[in-house]
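The opening position of the sequence shown corresponds to residue 5 in the UniProt record's numbering, with each subsequent residue numbered one higher.
A short write-up of the structure that comes next.
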Amino acid sequence: YTFSHAISRQPSQSIIKGLRAVDTGTPDLALFAQHHADYVAALRSTGAEVTLLDALEDYPDSVFVEDAALCLPEGAVVMRPGAPTRLGEAAIMAPTLAHFYEDIRTIEAPDFIEGGDILTTEKEILVGTSARTTSGGIEALRRATVDWGYTVREVTTPAGVLHFKTDCSLLDEETILSTKRLAASGCFEGYRVIHTAEGEEACGNTIRFNELVIMPSGFPRTAEVLDKAGYTVREVGNSEAAKLDGGMSCLSLRF
Ligand code: CIR
Numbered sequence: 005y006t007f008s009h010a011i012s013r014q015p016s017q018s019i020i021k022g023l024r025a026v027d028t029g030t031p032d033l034a035l036f037a038q039h040h041a042d043y044v045a046a047l048r049s050t051g052a053e054v055t056l057l058d059a060l061e062d063y064p065d066s067v068f069v070e071d072a073a074l075c076l077p078e079g080a081v082v083m084r085p086g087a088p089t090r091l092g093e094a095a096i097m098a099p100t101l102a103h104f105y106e107d108i109r110t111i112e113a114p115d116f117i118e119g120g121d122i123l124t125t126e127k128e129i130l131v132g133t134s135a136r137t138t139s140g141g142i143e144a145l146r147r148a149t150v151d152w153g154y155t156v157r158e159v160t161t162p163a164g165v166l167h168f169k170t171d172c173s174l175l176d177e178e179t180i181l182s183t184k185r186l187a188a189s190g191c192f193e194g195y196r197v198i199h200t201a202e203g204e205e206a207c208g209n210t211i212r213f214n215e216l217v218i219m220p221s222g223f224p225r226t227a228e229v230l231d232k233a234g235y236t237v238r239e240v241g242n243s244e245a246a247k248l249d250g251g252m253s254c255l256s257l258r259f
């Protein structure tokens with residue numbers, strides 16, 4: 005959770021056509037842009053260098069850059085998104101990764117894996133199978149990272165939840181913020197778990213970025229729990245990205 009760099013992408017006008025499980029209204033472009041700017045400012049306030057890529061109108065969900073790659077200290081892995089409208093985002097991200105990495109590996113057909121299903125902790129890489137990530141994709145990630153010394157563990161994203169990390173976040177080397185429904189699966193045995201407050205499951209997707217815990221605004225009880233546990237909480241508006249099932253982790257690649 006200590007990072008010197010991040011990559012984000014400006015939201016496109018086409019974002020109003022972004023994928024969503026349930027239609028709760030069209031995102032407001034101006035408000036989305038404001039929230040995105042606040043998010044990038046929060047990342048930069050920790051001293052990290054943030055590369056801000058141009059919007060991609062052909063890819064409505066391309067603001068959610070996390071799904072296109074996995075960035076590790078040893079190298080980067082280009083994902084293979086399981087959403088057909090997002091498949092092309094991965095190859096487009098590769099040249100940007102090449103500015104920062106010499107060793108870039110790529111998940112090949114026929115497997116699928118999206119970055120939102122991957123939680124990297126200090127001791128392992130947890131990956132949830134989901135509608136976007138297959139067991140084959142997880143195996144491919146295992147093969148891609150084994151010689152870098154990583155252990156990849158397959159877990160299950162709860163039914164009806166978009167990504168594994170929709171419901172959990174790494175807070176520090178031993179602590180995970182998780183919804184109760186996800187933690188109940190037992191996948192975090194051996195970690196300290198802080199639960200999102202009842203009714204505040206939508207803030208499970210939060211990020212620890214250097215000294216900050218950056219969480220979506222509007223979840224006061226969970227924010228208070230985190231504050232009392234000693235974390236420095238920074239809230240960023242996320243109402244518009246939330247209409248597209250997006251949250252704090254989706255909006256950047258961190259390394
Ligand atoms: C999608 O369905 O792919 C986008 N509307 C949201 C992606 C969110 N990304 C993430 O959780 N890593």
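Glycine included, each C-beta is placed from N, C-alpha and C at the ideal position.
Set against 7 Å, the gap from the CB of S256 to the closest heavy atom of the ligand CIR is not smaller. Listed by position in the chain, the residues whose beta carbon lies within less than 7 Å of some heavy atom of the ligand CIR are G22, L23, R24, D65, F68, E70, D71, A87, R90, E118, G119, G120, L166, H167, K169, T170, N209, L248, D249, G250, G251, S253, C254.
Following the DSSP letters along the chain, one finds R238 inside the beta strand (DSSP E) bounded by residues 236-240. Three or more beta-carbon pairs drawn from the region 120-129 and the region 169-187 are found closer than 8 Å, and the two stretches are therefore classed as touching.
Closest in alpha carbon position to A73, among V159, R196, F213, A10, is A10. Between V197 and T179, the alpha-carbon positions lie close to 6 Å from each other. Counting only runs that start and end inside the region 64-146, the alpha helix (DSSP H) elements of at least 4 residues fall at 91-102.
Put simply, the region 99-109 does not touch the region 125-136. Fewer than three CB pairs are less than 8 Å apart. Between the alpha carbons of G29 and D151 lies a distance of about 45 Å.
Cβ contact annotation for C75 (same chain, cutoff 6 Å, sequence separation greater than five): L257, F259, in chain order. CA-to-CA, the gap between T110 and E143 works out to about 13 Å.
Counting along the chain, the unbroken alpha helix (DSSP H) around V44 starts and ends at 33-48. An exposed status is given to E78, since fewer than 16 other beta-carbon atoms sit within 10 Å of its beta-carbon. A direct Cα-to-Cα measurement between V82 and A94 gives close to 6 Å.
Short of 6 Å from the beta carbon of D231, and not among the five residues preceding or following it, lie these beta carbons of its own chain, in chain order: V237. Scanning M97, E70, A188, I117 for the CA closest to the CA of P88 turns up I117. Minimum Cα-Cα distance from Y5 among the listed residues T133, N214, L145 corresponds to N214. Distance from the CA atom of D32 to the CA atom of V69, rounded to whole angstroms, is 20 Å. The DSSP-derived three-state label of F213 is strand. For the pair A52 and S12, the CB atoms are not nearer than the 8 Å cut-off. Distance from the CA atom of A163 to the CA atom of S134, rounded to whole angstroms, is 8 Å.
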